[in-house]
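Chains as they are written, first to last, in the numbering used here: chain A, 1 to 293; chain B, 294 to 586; chain C, 587 to 879; chain D, 880 to 1172.
Backbone N, C-alpha and C fix where the C-beta goes; we use that ideal spot for every residue, glycine too.
Note that the coordinates shown come from a computational prediction; the quantities given were computed from them, not determined experimentally.
Report on the structure given below.
Protein chains: 4
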Amino acid sequence: MKATVGLIGMGLMGQPMALNILRGGFELVVYNRTPSRADRVVQAGARLAQSARELASQCDVVMSIVSDPPALEACLWGPEGALAGLRRDSVLIDSSTVSPALARRVAAACAERGASFLDAPVTGGTWGAEKGELVFMIGGEAEVLERCRPVLSTMGQRLLHLGAHGSGQVVKLAMNLILALEVDALAEALALVRGAGVQADKLIDVLQASMARAAVLDIKAPLMLQERYAPSFPLRLMHKDLGLALELGNQVGVPLPATAAAREVYSAVRAEATEDLDYAAVARFWQRPKSRP
Amino acid sequence: MKATVGLIGMGLMGQPMALNILRGGFELVVYNRTPSRADRVVQAGARLAQSARELASQCDVVMSIVSDPPALEACLWGPEGALAGLRRDSVLIDSSTVSPALARRVAAACAERGASFLDAPVTGGTWGAEKGELVFMIGGEAEVLERCRPVLSTMGQRLLHLGAHGSGQVVKLAMNLILALEVDALAEALALVRGAGVQADKLIDVLQASMARAAVLDIKAPLMLQERYAPSFPLRLMHKDLGLALELGNQVGVPLPATAAAREVYSAVRAEATEDLDYAAVARFWQRPKSRP
Amino acid sequence: MKATVGLIGMGLMGQPMALNILRGGFELVVYNRTPSRADRVVQAGARLAQSARELASQCDVVMSIVSDPPALEACLWGPEGALAGLRRDSVLIDSSTVSPALARRVAAACAERGASFLDAPVTGGTWGAEKGELVFMIGGEAEVLERCRPVLSTMGQRLLHLGAHGSGQVVKLAMNLILALEVDALAEALALVRGAGVQADKLIDVLQASMARAAVLDIKAPLMLQERYAPSFPLRLMHKDLGLALELGNQVGVPLPATAAAREVYSAVRAEATEDLDYAAVARFWQRPKSRP
Amino acid sequence: MKATVGLIGMGLMGQPMALNILRGGFELVVYNRTPSRADRVVQAGARLAQSARELASQCDVVMSIVSDPPALEACLWGPEGALAGLRRDSVLIDSSTVSPALARRVAAACAERGASFLDAPVTGGTWGAEKGELVFMIGGEAEVLERCRPVLSTMGQRLLHLGAHGSGQVVKLAMNLILALEVDALAEALALVRGAGVQADKLIDVLQASMARAAVLDIKAPLMLQERYAPSFPLRLMHKDLGLALELGNQVGVPLPATAAAREVYSAVRAEATEDLDYAAVARFWQRPKSRP
């Protein structure tokens, strides 16, 4: 008999993940703080729970994908949180990007309740979530991963087991650090080229033909040239992830000089933005108005 | 009748470039401060000049590819420098990576002598130089580029005209800035992953499957895992190019925070190295011995 | 009748502060996780409580000075925490250095219990604590500060009222940011001078005669020259405070580029230290062994 | 008989230095690219030379104080440069702030002509120049310094001998690095305090009462609060000196992370300024307009 699956978080990622779980033939219970965001998924066959606790009490596998550590703490702990309803022998899988320390704290809370835990942040964006081509970066026991493979496979084939609890988050933060620096590097390069009086699109032509070519730049470079920053991966989340990476680096004593420099640039842009922006908008740091009163 | 070509600089790049010019059917005169490095090219049919001046006096197109700005100044100016021998109506093409300001200074010196100039730094590495697949980033007049196309085409098909004198150098510095930050980003990410107790090769697995994938990382990542740093593009030259990029940014008033941070890391590694290293060795910054007396 | 005062935290700062409160003629109850550290203060006349809750239940004014935010949370919340025992109409004064956000959270928790709160971090070090010459940076209501003036005055005359709850912490973090950068600046300058082959003590001579002179450098410079790093203000606490300052900056959208760079340097030194060090030991970053295996 | 002294450079520093040399009873010849700037000094008794060469040919001690390395090169080399007129057995003293490498190059050029050289950059600002209270940071031979003591003493009593040629410049750059970071630290702290909703002048009150107090901040803090940036030491010169310090650090392999971060901030402010500003205007980095088109 197939497992009943719960999914907490009906954001840009959660919705398409839910649809793929349903397509995979699983019974699905969903929960979101703002219930209306679950409408489309409920129409597709999911059941809406009134609380994370209620959801957990009905499921064999409980997944969560929310925007940041406080959001995760809010839906797990407390009288109406998932941990309060978590079944013995169930599995909690968190696909949010949070600190490895928080992942380990959740793992311990699950263990106290006789349940298992996987930290399983994803990469692939909304596009990968829709196509069922997410890559899962997984920390926890291999045996637990095997039990959850049928569910996770509905969302992506690549389930990379990276080590003990928290390892998924460690690798996710490291990967986002690379992405953030790649995009910031292009932004610095574009600003330099423009500042020196050369047309910025010339740099992109050369980039495509060179070793500096990178997957993320193929996508972001044209948008950066046109200053079109509709959020694919929001800058505020990348800024948060850089903060988590730096927090981890400072805990384990690994200095991250360029990451630290880039984080302050993302911070400046985030502070000045009045709308939600893609992280490619880091380029705005160099587009500030030059005149002053 | 085909142009007579001169090539100053018989380093890792200059030698294969010379062989391709010869293969293209051009008469070639070469010069190198240490003449023995020209042996292989001379055996292949080139003539060895005793000075850059002598070389220039015999050629229609004079190319140079040397390691840094002082080396370029040394082979162009002075009584035995190329400028002293440069023919009226000839073209000087510099493929070294130097500052745009120096490129413009050379352009002016050529103009005084009735000659033309192109700044034409290259990307593609020794591999591209050997295969004749270099990409040329060219600043100067389009008409001069057209005149030189037959010669340059023996070394690479992509001759990207980027703007006025100095534009080639501007774009080259911007591109190397991106490369340096990409590799530094991976080095920071690897150090973070290791410091957090996760196997570094796990990060590489995820990287290949993710948007953080980059051409340079496909090549450097395995070498960085194994700490094999035989120079493909030497760290000391990347360090120099970062210095030139920052100098340019500070001249034109474009702040480059992550580049500035990364340059100090490359500097620290360069200072501690006793041998010649690839720039991927920036990862050594995080491999310093932890014990102290 | 004089207030009964409680003091939680018998560290390097708490002990001399306790002795001054006693000297001021107040009844004093103290609590420390490790009770033996209170011995000297108990011998001087303080009463030792078995828990923070018990302490709070006996006092009109409850002070706390512990090492970091988790330590503060641990002694305030929970069944044996101070908040559980806090009397209606009493005042809680926290002199630890924590985030303004935590200060405001404590203020709210006090308000719920009908008590008042002041965040009142201090500067002056152990020397100022012993002499009763601490400077208090105070956030909260002016009227509450006036009620507590007799107690606080036993420890220092300068009670600077800086604004609403959290303001004390904001200014404390800003001040420590300046201190950390001043000392890091000297460390960079010393390393530069040495690296360029000039005797480091020459820089100190000039420094004393110049506008670059700073109070903290008068004290730290001789110790840095001699590499004597017995902790006056521990590096691990300065590193923590830089983290809090950056966290605050990133929350309110104020980029702090030099602070971010310096924090990574303090982090690297902290990670390599095997003993407790003063923050002047940031200079060790440039004294790493150069040889490698 | 008293030496005849020459002084090249009639800027904010050069003019008061010239007046003090005259007050000391020396015969003085001056030169400035824009002769009108020497008017006041000529009225006071100096003779105006038509070129640096002419000046040098008439003097026993030739001093120079100009704004940057290119300006120094321009007044020393070339057919009308001071080196062309330098007398055998005379002494050239350069009080500009330039790179140690350039100082050593000038020293070698002097030696070739049978003359001696001191690099002798100064600290003390226009105020110190007027009062005759400059501090000289001197590189070169002690015996040469002794010969020049009577002249230098008219401008300042503290003649600090720091080592071989270039040592004066090394220490000067290190000192300016500290000044630049101190002021940047205050600017970051002020921005943080403001961003967190606390009045900036509260920070200054605390600063004065704390270990973070620094001589330069006593002067700059009130001006920064009022955003009054009339140049005492111009930001463009501090930016140049940070560039020289970083160039030196990168040559000798000493990473300077906070200096590198701060330099980019000074660079951004310099680029946006339309008028000449004091380096305290680095605070403008955080006062950029937030609105965008």
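Strand pairing of residue i, partner residues [DSSP]
i, result
"D94 (chain A)", "A:S64 and A:D119"
"G749 (chain C)", "C:G725"
"L7 (chain A)", "A:V30 and A:M63"
"D968 (chain D)", "The partner list for D968 (chain D) (beta bridge, DSSP) is empty, contrary to what the question assumes."
"R47 (chain A)", "A:V29"
"D864 (chain C)", "C:P820"
"R451 (chain B)", "B:V428"
Buried or exposed by the 16-neighbour rule on C-beta atoms within 10 Å, applied to residue i
i, result
"K299 (chain A)", "The first residue shown for chain A is 1 and the last is 293, placing residue 299 (chain A) beyond what the model contains."
"S1170 (chain D)", "Confidence at S1170 (chain D) is low in this model, with a pLDDT of 40, below 50, so the placement of that residue should be treated as unreliable; the coordinate-derived value is given next. Exposed, by the Cβ-count rule."
"S36 (chain A)", "exposed"
"G1076 (chain D)", "exposed"
"A987 (chain D)", "exposed"
"D569 (chain B)", "exposed"
"R674 (chain C)", "exposed"
"P993 (chain D)", "Inspection of the sequence shows that residue 993 (chain D) is occupied by Gly rather than by Pro. Its Cβ having fewer than 16 others within 10 Å, G993 (chain D) is exposed."
"Q755 (chain C)", "buried"
"D60 (chain A)", "buried"
"G25 (chain A)", "exposed"
"R577 (chain B)", "buried"
"T683 (chain C)", "buried"
"A435 (chain B)", "exposed"
"A961 (chain D)", "buried"
Start-to-end residues for the beta strand (DSSP E) that takes in residue i
i, result
"E613 (chain C)", "E613 to Y617"
"M723 (chain C)", "V721 to G725"
"G407 (chain B)", "Careful: G407 (chain B) lies outside any beta strand (DSSP E) and carries neither H nor E."
Check whether residue i and residue j have beta carbons under 7 Å apart
i, j, result
"V562 (chain B)", "A480 (chain B)", "no"
"G964 (chain D)", "A935 (chain D)", "yes"
"A564 (chain B)", "G1132 (chain D)", "yes"
"M1090 (chain D)", "A801 (chain C)", "yes"
"V941 (chain D)", "V1023 (chain D)", "no"
"V909 (chain D)", "A917 (chain D)", "yes"
"S167 (chain A)", "G139 (chain A)", "yes"
"V193 (chain A)", "R158 (chain A)", "no"
"C368 (chain B)", "A342 (chain B)", "no"
"L287 (chain B)", "A337 (chain B)", "In the structure as shown, chain B starts at 294 and stops at 586, and residue 287 (chain B) therefore has no counterpart that could be examined."
"I1057 (chain D)", "A775 (chain C)", "yes"
"L951 (chain D)", "L767 (chain C)", "no"
"Y572 (chain B)", "L528 (chain B)", "yes"
"K1099 (chain D)", "V1062 (chain D)", "yes"
First through last residue of the alpha helix (DSSP H) which encompasses residue i
i, result
"G249 (chain A)", "L235 to V252"
"R577 (chain B)", "Neither: R577 (chain B) is in no alpha helix (DSSP H) and is coded neither H nor E."
"T845 (chain C)", "P843 to E858"
"G128 (chain A)", "G125 to K131"
"V628 (chain C)", "D625 to Q629"
"L951 (chain D)", "P948 to L955"
"V1095 (chain D)", "A1094 to L1104"
"K788 (chain C)", "A786 to Q794"
Chain F contact residues for residue i, given Cβ-Cβ distances below 8 Å
i, result
"A553 (chain B)", "The structure shown contains no chain F; its protein chains are A, B, C and D."
beta-carbon residue i near the ligand MN non-hydrogen atom, thresh 6 Å
i, result
"R440 (chain B)", "Among the components of this structure there are no ligands whatsoever, and the ligand MN is therefore not found."
Three CB pairs or more closer than 8 Å across the segment 749-765 of chain C and the segment 788-795 of chain C:
no
Should the segment 681-690 of chain C be called in touch with the segment 705-712 of chain C, which here means at least 3 C-beta pairs below 8 Å?
yes
Three or more C-beta pairs below 8 Å linking the segment 413-428 of chain B and the segment 304-324 of chain B:
yes
Is the segment 257-265 of chain A in contact with the segment 547-557 of chain B, if contact means three or more CB pairs nearer than 8 Å?
yes
Any 3 or more C-beta pairs closer than 8 Å across the segment 64-71 of chain A and the segment 142-156 of chain A:
The segment 64-71 of chain A, when compared against the segment 142-156 of chain A, does not touch it at the 8 Å Cβ threshold.
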